[in-house]
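A short worksheet on the structure shown next.
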Amino acid sequence: MPSIVAFKVAKNSASSSLASAINNSVGTLTVATGDGANFPATADGDFWVSIDSEIMLCTSRATDVLTVTRAQQGTSGAAHDAGAAVELRITAEAISEMQDEIKHGVLEGWVADDAQNPSLGTL
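Numbering (the numbering used here), first residue to last: 11 to 133.
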């Protein structure tokens with residue numbers, strides 16, 4: 011049986027701005043008050059977030075605070091000013107993961123027809 015790829019979580023129009031400046035290595039960032047809800051719940055999985063040209067992996071969201079792993083997908087950690095745009099963007103890696111699965115001809119995922127008894131199926 012092929013392995014199941016856990017794609018990153020997505021949400022339309024997920025964006026905010028930094029509430030305060032961050033240096034090039036801090037592992038948490040705070041978005042504008044009330045904007046944390048614009049981003050996916052990490053209980054559903056991790057998601058990519060970008061500030062300027064830096065891509066980060068968000069592994070936790072608590073209200074307006076995002077816990078991130080910096081400098082992902084070949085980008086470099088950088089300092090970012092308060093007010094900088096924080097956005098969930100589609101990344102080259104996300105597209106490549108989907109293309110690779112399509113090339114293999116088998117997509118599998120959980121069928122959420124019954125939350126108490128989900129079933130795994132081939133799409």
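Even glycine gets a Cβ: it sits at the ideal position worked out from N, Cα and C.
Please return the same chain residues whose Cβ sits closer than 7 Å to the Cβ of residue i, not counting the five positions on each side in sequence.
{"i": "Met11", "result": "For Met11, the pLDDT reaches just 46, beneath the cut-off of 50, and the residue's location in the model is therefore unreliable, although a value from the coordinates is still provided. Counting only Cβ-Cβ distances below 7 Å, and skipping sequence neighbours, we find nothing."}
{"i": "Ser138", "result": "Any property of residue 138 remains undetermined from this structure, which presents the chain solely from 11 to 133."}
For the alpha helix (DSSP H) holding residue i, just list the boundary residues, first then last.
{"i": "Ile32", "result": "No alpha helix (DSSP H) holds Ile32; DSSP gives it neither H nor E."}
{"i": "Ala102", "result": "Ala102 to His114"}
With DSSP as the reference, label residue i as helix, strand or coil.
{"i": "Ala47", "result": "helix"}
{"i": "Thr1", "result": "Lying before the first or after the last residue shown, residue 1 is absent from the chain, which here runs from 11 to 133."}
{"i": "Met11", "result": "For Met11, the predicted model reports a pLDDT of 46, less than 50, meaning its position is unreliable; a value from the coordinates is still stated below. Correct three-state label for Met11: coil."}
{"i": "Gly53", "result": "First, the amino acid is wrong: residue 53 is Ala here, not Gly. Correct three-state label for Ala53: helix."}
{"i": "Val19", "result": "coil"}
{"i": "Thr85", "result": "coil"}
If contacts are defined as beta-carbon pairs under 8 Å, then residue i and residue j qualify, I think. What distance do you get, rounded to the angstrom?
{"i": "Leu98", "j": "Gln82", "result": "Actually they are not in contact, since the Cβ atoms of Leu98 and Gln82 sit about 13 Å apart, beyond 8 Å."}
{"i": "Ala31", "j": "Ala89", "result": "7 Å"}
{"i": "Gly55", "j": "Lys18", "result": "6 Å"}
How far does the beta strand (DSSP E) with residue i in it reach, from first residue to last?
{"i": "Thr79", "result": "Val75 to Gln82"}
Leaving aside the five residues before and after residue i along the sequence, list all residues of the same chain whose C-beta is less than 8 Å from its C-beta, in chain order.
{"i": "Ser23", "result": "Asn48"}
{"i": "Arg71", "result": "Gly46, Phe49, Pro50, Ala51, Thr52 and Thr77"}
Can you list, in chain order, the residues of its chain with a C-beta nearer than 6 Å to that of residue i? Leave out the 5 residues immediately preceding and following it.
{"i": "Ile61", "result": "His90, Ala94 and Val96"}
Touching by the beta-carbon criterion (3+ pairs, under 8 Å), the stretch 102-112 and the stretch 39-56: No, because fewer than three Cβ pairs between the stretch 102-112 and the stretch 39-56 fall closer than 8 Å, the two stretches do not touch.
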